[in-house]
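Numbering (UniProt numbering), first residue to last: 1 to 640. Shown next, in structure tokens, is the structure this report addresses.
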Ligand SMILES: Nc1ncnc2c1ncn2[C@@H]1O[C@H](COP(=O)(O)OS(=O)(=O)O)[C@@H](OP(=O)(O)O)[C@H]1O
């Protein structure tokens, strides 16, 4: 349900009745052909033509650009923020009066009317019951297609929260998920030749093959109802042409259907039955039924012929769909996706919080109960005896039960310490999760990472829990002392035989022999065992920047294609959305442009790192950085 307050809806309804009574004229029925899909963006404040309109109309930009309005159908909630991110259009015709409406012909709808007649004017049967509840009830008449019980048993029940809340009755023939990955054909479409035949004249007028139709339904708007000014949202909107055909309209003069690029430019559309018109549903639109009868429109959305649809599924009568606001799944696919689907494993202080936040903005991502579950390291329950109990404990950090019903959605966590502590985490992970998990690692110039780590651990800011987990061991130490301590710990574990503790230089001959060897892996394990306690974060300042060594342990344990490695610096160079494209691809999620790309978990430092210290760390890390190429390919040839 949208955000428009009831008083505003009442105000708009009264205004609509007034316009109807004043006989507001309709826009001339001009066939402008297809409305170009590139026009299906919200006007933005950056758009030169929009600015021009605003000026001409003497409107205030702030007032008129994408006001928050209300909802129409399932996903049609106006978003006050989306004017900021939409692509500016440079096409002046986009904002011309009438640019949002194109008359596409007049067709014979008498066969459709016959099929819909029964039950059409019966008072609302929109119950908000679940499909299972509806299915358990007895069907009164199989020929009454408006009856929800009939639809749940012999067609497929679709929930359309906003429409249902308005009391809008519906007969759904074709439906798709929000990202247009799957199109569902309902039995009353694919098993009803009379229905297809009756609707064919509409498709002929549009010159559209039925396989290009991704949504098609009849909507009966109750008497006296106004759907206030809004625009539709959802990834599908910009990929589809929206077509309306008035079917049952007793008195077209008492139906006010308006559409336009902005609210003040909305024009009235002639709602004479049989008038096939396309409208830009990214433009502002509103409808008022000022009759004392239901008003029925056929509403359909079709894609361009070149658009590829992954799957077109013919549903069986009575099948149950499991829906969220942005996803649709079949009940028979329940449990198809095990939890979790992904893990951001590190590196600590390299932008993991940001990546998790950006990921969570995707409508098909559901956040874990906490971002850093730590279920495999310091929240691992050694007291639990069975594998099943340990599994349940790890799953308890996610909305696992809820997600079972929605396999097209996914969840995961972001625990940046996992990458480092492969010694504990990998065997535990293998014990509790046997399904494929996609791993994401993000790296950052390791010297900068070390400074960020030191600043965090020695900071007095944060919640009591954060302060406790960071530990107090470094409080009275300089960064140089902490670095020296870690070098000693690594040295004593046999991890850095190539490092001269006095001259602080690398013997490259030893490095080349040792790096990547079993001896190095063994020494790293020993170090993790002896110098990585679970009760404090004050450890491993230098070693956490040895990325290849850490990632190698994971890539030995899991297939290479389950890993995606990112570079924090690429966010600055290429922009967040370019970096996130790689993430969507890795997780097989539909492309999505995030709205909030601000950096998360940032900190201002107490002091700058000393130049000599910086040079020494750079010297230590350089050959380690170069080794990333052996794992990740030429893109990582000289990362920093
Ligand atoms: N988008 C973007 N651009 C540039 N820098 C960014 C970005 N997102 C996060 N960061 C920096 O990453 C540091 C925090 O990393 P993490 O969130 O992984 O830290 S933590 O391990 O979860 O504590 C932290 O570094 P410091 O500020 O140097 O401490 C953040 O500023």
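Here a beta-carbon is modelled for each residue, glycine too, at the ideal position from N, C-alpha and C.
Excluding the 5 residues preceding and the 5 following residue i in the sequence, name in chain order all residues of the same chain whose CB lies nearer than 7 Å to its CB.
{"i": "residue 208", "result": "302"}
{"i": "residue 300", "result": "213, 215, 216, 243"}
{"i": "residue 306", "result": "none"}
{"i": "residue 473", "result": "536, 538"}
{"i": "residue 562", "result": "436, 437, 438, 439"}
{"i": "residue 120", "result": "146, 220, 248, 294, 296"}
{"i": "residue 72", "result": "Residue confidence for residue 72 is low, a pLDDT of 37 falling below 50, so the modelled location carries little weight; the figure read from the coordinates is stated next. Excluding positions up to five away in sequence, the list reads 162, 227, 230, 232."}
For residue i and residue j, what's the separation of their Cα atoms in angstroms?
{"i": "residue 257", "j": "residue 456", "result": "58 Å"}
{"i": "residue 254", "j": "residue 7", "result": "22 Å"}
{"i": "residue 629", "j": "residue 609", "result": "28 Å"}
{"i": "residue 36", "j": "residue 102", "result": "11 Å"}
{"i": "residue 33", "j": "residue 281", "result": "16 Å"}
{"i": "residue 165", "j": "residue 122", "result": "17 Å"}
{"i": "residue 13", "j": "residue 269", "result": "17 Å"}
{"i": "residue 601", "j": "residue 261", "result": "39 Å"}
{"i": "residue 471", "j": "residue 597", "result": "31 Å"}
{"i": "residue 263", "j": "residue 374", "result": "50 Å"}
{"i": "residue 88", "j": "residue 353", "result": "Caution applies to residue 88, whose pLDDT of 47 falls short of 50 and renders its modelled position unreliable; the model cannot decide the point."}
{"i": "residue 493", "j": "residue 311", "result": "55 Å"}
{"i": "residue 200", "j": "residue 140", "result": "29 Å"}
{"i": "residue 642", "j": "residue 637", "result": "Outside the displayed range of the chain (1 to 640) lies residue 642, so it cannot be described from this structure."}
{"i": "residue 205", "j": "residue 274", "result": "11 Å"}
{"i": "residue 487", "j": "residue 355", "result": "30 Å"}
{"i": "residue 548", "j": "residue 555", "result": "10 Å"}
{"i": "residue 461", "j": "residue 400", "result": "33 Å"}
{"i": "residue 346", "j": "residue 425", "result": "12 Å"}
{"i": "residue 134", "j": "residue 160", "result": "15 Å"}
Using the DSSP secondary-structure output, state which residues sit across from residue i in a beta bridge.
{"i": "residue 289", "result": "255"}
{"i": "residue 16", "result": "Residue 16 is not bridged to any residue."}
{"i": "residue 406", "result": "Paired residue(s): none; residue 406 is not in a bridge."}
{"i": "residue 172", "result": "217"}
{"i": "residue 443", "result": "567"}
{"i": "residue 311", "result": "182"}
Can you list, in chain order, the residues of its chain with a C-beta nearer than 6 Å to that of residue i? Leave out the 5 residues immediately preceding and following it.
{"i": "residue 632", "result": "565"}
{"i": "residue 550", "result": "419, 420"}
{"i": "residue 145", "result": "171"}
{"i": "residue 131", "result": "152, 157, 320"}
{"i": "residue 363", "result": "326"}
{"i": "residue 553", "result": "422"}
{"i": "residue 357", "result": "600"}
{"i": "residue 440", "result": "344, 564"}
{"i": "residue 368", "result": "397, 398, 411, 413"}
{"i": "residue 328", "result": "177, 321"}
{"i": "residue 252", "result": "271, 272"}
{"i": "residue 693", "result": "Beyond the ends of the chain as shown, which are 1 and 640, falls residue 693; an answer cannot be given."}
{"i": "residue 479", "result": "454"}
Check whether the Cβ atoms of residue i and residue j sit closer than 7 Å, and answer yes or no.
{"i": "residue 220", "j": "residue 158", "result": "no"}
{"i": "residue 510", "j": "residue 498", "result": "yes"}
{"i": "residue 167", "j": "residue 126", "result": "yes"}
{"i": "residue 97", "j": "residue 266", "result": "no"}
{"i": "residue 398", "j": "residue 340", "result": "yes"}
{"i": "residue 614", "j": "residue 469", "result": "no"}
{"i": "residue 432", "j": "residue 390", "result": "yes"}
{"i": "residue 228", "j": "residue 463", "result": "no"}
{"i": "residue 348", "j": "residue 416", "result": "yes"}
{"i": "residue 429", "j": "residue 376", "result": "yes"}
{"i": "residue 442", "j": "residue 517", "result": "no"}
{"i": "residue 438", "j": "residue 342", "result": "yes"}
{"i": "residue 239", "j": "residue 180", "result": "yes"}
{"i": "residue 495", "j": "residue 519", "result": "no"}
{"i": "residue 334", "j": "residue 404", "result": "yes"}
{"i": "residue 298", "j": "residue 218", "result": "yes"}
{"i": "residue 453", "j": "residue 489", "result": "no"}
{"i": "residue 579", "j": "residue 541", "result": "no"}
{"i": "residue 279", "j": "residue 100", "result": "yes"}
{"i": "residue 188", "j": "residue 150", "result": "no"}
For residue i, collect the residues of the same chain with a Cβ closer than 8 Å to its Cβ; drop the 5 residues on either side in sequence, then sort them by chain order.
{"i": "residue 330", "result": "313, 315, 319, 320, 321, 322"}
{"i": "residue 17", "result": "288, 290"}
{"i": "residue 185", "result": "173, 174, 312, 313, 314, 315"}
**Asked** Residue ranges of each beta strand (DSSP E) run of no fewer than 3 residues wholly in the UniProt domain "Aspartyl/asparaginy/proline hydroxylase" (208-303), ordered along the chain?
**Response** 213-221, 226-230, 240-248, 255-260, 275-279, 284-289, 295-303
**4 or more residues per run - each alpha helix (DSSP H) lying fully within the segment 359-406** = 387-395, 400-403
**Request:** Give, in chain order, every unbroken run of the beta strand (DSSP E) that is at least 3 residues long and sits entirely within the segment 529-601.
**Result:** 563-567
**Request:** Please list the segments of the beta strand (DSSP E) lying wholly inside the segment 126-179, counting only runs of 3 or more residues, in order along the chain.
**Result:** 169-176
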